[in-house]
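Everything below concerns the one structure shown next.
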Amino acid sequence: MTTTTTTRLTRPRHGRVFGGVCAGIARRFGMKPGTVRLLALLSCLLPGPQFILYLVLWVAIPESD
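Quick note: the sequence shown uses the UniProt record's numbering, first residue 1, plus one each step.
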């Protein structure tokens, strides 16, 4: 039996640019923070509530210890 380790979705206190949302998502899914930030920036070119979603995630995702 193998054990998988999952990381909780939290915003880091260090290594974040604005609120740490992209850095937290990157850490949770094993990606580079720069890649997630670029995808978030590119998604703002599409119509939709991306900026509002970022603000909601900023409030909803807890900071890590």
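We put the CB at the ideal spot given by N, CA and C, even for glycine.
Worksheet entry | Simplified DSSP assignment, three categories, for R8 | coil
Fill in: P33 - containing alpha helix (DSSP H), residue span
That run of the alpha helix (DSSP H) goes 33-43.
Worksheet item: Residue range of the alpha helix (DSSP H) that V17 falls in?
Response: First-last for V17: undefined, no H or E at that position.
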